[in-house]
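Residue 767 is where the sequence shown starts when you use this note's numbering, and the numbers rise one by one after that. Even glycine gets a Cβ: it sits at the ideal position worked out from N, Cα and C.
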Amino acid sequence: MILVMGGAGYIGSHTVKHLIQNGYEVVVADNLCSGHKQAVQNAHFEIADLLNPQSIDAVFKKYKIDTVIHFAAFLSVGESVENPAKYYRNNVVGTLNLLDTMIANNVKNIVFSSTAAVFGNPQYTPIDEAHPTSPINPYGQTKLMIEKIFADYRRAYGLNYIALRYFNASGCSSDATIGESHNPETHLIPLVLKAINGERENIKIFGTDYDTPDGTCIRDYIHVEDLATAHRLAIEHINEYSGEINLGTSKGTSVKEIIEIAENITGKKCPVVFTERRAGDPAILCASNQKAYKVLGWKPTKSMKDIIETAWKWEQNKKF
Ligand code: UDP
């Protein structure tokens, strides 16, 4: 049985769906502070909170868990700068509680939701795993600290771990039954589609004077279903490899290009306002995915068009 902590969230719920389609038995544990119960399909479900170790222990006592996939974390960069205590407590202390409960119950395998934010401002691109880690906000710090804790727990307690560092997770389930739903929404693609849909007045482009061909930031958008596959492969390779793996397409797309593709797919105009740069945004973030291929045999399969088509389908017919 796989335990998915935070399986009611965006990437977690898509991973749960993929695992079940591939014959795994799954229990989701989530405190539903930002996740959606409706996003959990065909899995066992338990309410548990990482800051309440007894509630996690109860899940380990009730089910026979082999491996944990851990998504349960706060993820807003801006909020982490304003309220670092909330981030260090929930993300770092919460993960320690989870790890200690795992060890106490003799469960040694964990796949972790890490982030490109561990790198901070890139020194070169595409970013491989040898790139120095130097987060520029508390959110990225929490994820990097957790990666270091894993390495120490491996040495001391024999933990097997794979930390998957996602670049820009995006898109929705191909059957549009689950999708991205954050409150508040801060991510580019859903905001562009909401502007096209008339749910928002416009999309603000944060900076047009970057050193990129069209002056807007370039990011590596990776379909959430490709990420889900990577988590399954990580489970399947957890006894052979422990460490960090970057997940992206290694192809960059600019903010202006995203808007153009979205306009083509929807056949509608996106109302755009040009504004100042957002603090902490590097010009270009792209992942090398060579290690993901070497270690996991993983390759992204979805295009930018697939990402925006599935996100648009979801946007028009959101279930939660
Ligand atoms: N962005 C933007 N307007 C928005 C939200 C995002 O121009 O309303 C830009 C942002 O500056 C970045 C890219 O879109 O270059 C992706 O941002 P997002 O917040 O989706 O993901 P991040 O790269 O911060 O993880």
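Alpha-carbon spacing of residue 1059 relative to residue 1014, whole angstroms: Indexing the sequence shown from 1 puts residue 1059 at position 293. Indexing the sequence shown from 1 puts residue 1014 at position 248. Roughly 11 Å between the two C-alpha positions.
Among 861, 807 and 906, the one whose alpha carbon lies nearest that of residue 850: Taking the first residue of the sequence shown as position 1, residue 850 is located at position 84. Comparing Cα positions, the closest option is 906.
Residue 983, buried or exposed, once every other Cβ within 10 Å from all chains shown has been counted against 16: For this step, residue 983 is matched to residue 217 along the sequence shown. That one is buried.
Close Cβ partners of residue 1036 (< 7 Å) along its chain, the five nearest in sequence each way excluded: If you number the sequence shown from 1, residue 1036 lands on position 270. So the list reads 958, 961, 962, 969, 1025, 1028 and 1029, once near-sequence residues are dropped.
Three-pair Cβ contact test at 8 Å for the stretch 854-862 versus the stretch 782-797: No: fewer than three Cβ pairs fall under 8 Å.
Inter-residue spacing [alpha-carbon to alpha-carbon] between residue 902 and residue 864: The residue you call residue 902 lines up with position 136 of the sequence shown. The residue you call residue 864 lines up with position 98 of the sequence shown. The straight-line gap from Cα to Cα measures roughly 26 Å.
Residue 1025: first and last residue of the uninterrupted alpha helix (DSSP H) it sits in: Here residue 1025 refers to the residue found at position 259 of the sequence shown. Counting along the chain, the alpha helix (DSSP H) containing residue 1025 begins and ends at 1021-1032.
Same chain only: Cβ atoms within 8 Å of residue 999, ignoring 5 sequence neighbours per side: Translated into the one-based positions of the sequence shown, residue 999 becomes position 233. Taken in chain order, the residues that qualify are 1062, 1063 and 1064.
Cutoff 7 Å; reference residue 1034; Cβ partners in own chain excluding five residues on either side: In the sequence shown, counting from the first residue as 1, residue 1034 sits at position 268. Within its own chain, the residues whose Cβ lies closer than 7 Å to the Cβ of residue 1034, once the five positions on either side in sequence are excluded, are 962, listed in chain order.
Residue 868, enclosing alpha helix (DSSP H) - first and last residue: Position 102 of the sequence shown, counting from 1, holds the residue named residue 868. Unbroken alpha helix (DSSP H) run through residue 868: 860-870.
Distance cut-off 6 Å: residue 952 Cβ against heavy atoms of the ligand UDP: The count along the sequence shown starts at 1 and reaches residue 952 at position 186. Because some heavy atom of the ligand UDP lies under 6 Å away, the Cβ of residue 952 counts as near it: yes.
Close beta carbons around residue 985, own chain, < 6 Å, minus the five adjacent residues each side: Translated into positions along the sequence shown, residue 985 becomes position 219. Excluding the 5 residues flanking it on each side, residue 985 has same chain C-beta neighbours closer than 6 Å at 934 and 1051, in chain order.
Three-state class that DSSP yields for residue 948 in the structure shown: For this step, residue 948 is matched to residue 182 along the sequence shown. It is coil, neither helix nor strand.
Cβ-heavy atom distance, residue 957 to the ligand UDP, below 6 Å: Locating residue 957 in the sequence shown gives position 191, where the first residue counts as 1. The answer is yes for residue 957.
Check whether residue 853 and residue 908 have beta carbons under 7 Å apart: In the sequence shown, counting from the first residue as 1, residue 853 sits at position 87. In the sequence shown, counting from the first residue as 1, residue 908 sits at position 142. Taking C-beta atoms as the reference points, residue 853 and residue 908 count as a pair closer than 7 Å.
Contact between the stretch 816-827 and the stretch 880-895 (3+ Cβ pairs under 8 Å): With a cut-off of 8 Å, the stretch 880-895 and the stretch 816-827 do not count as touching, because too few Cβ pairs lie within range.
Exposure of residue 1016, with buried meaning 16 or more beta-carbon neighbours within 10 Å: One-based indexing of the sequence shown puts residue 1016 at position 250. Buried, because 16 or more other Cβ atoms sit within 10 Å of the Cβ of residue 1016.
Where residue 910 sits in the DSSP three-state scheme: What you label residue 910 is simply residue 144 of the sequence shown in a count that begins at 1. In the structure shown, residue 910 sits in a helix (DSSP, three-state: H, G or I).
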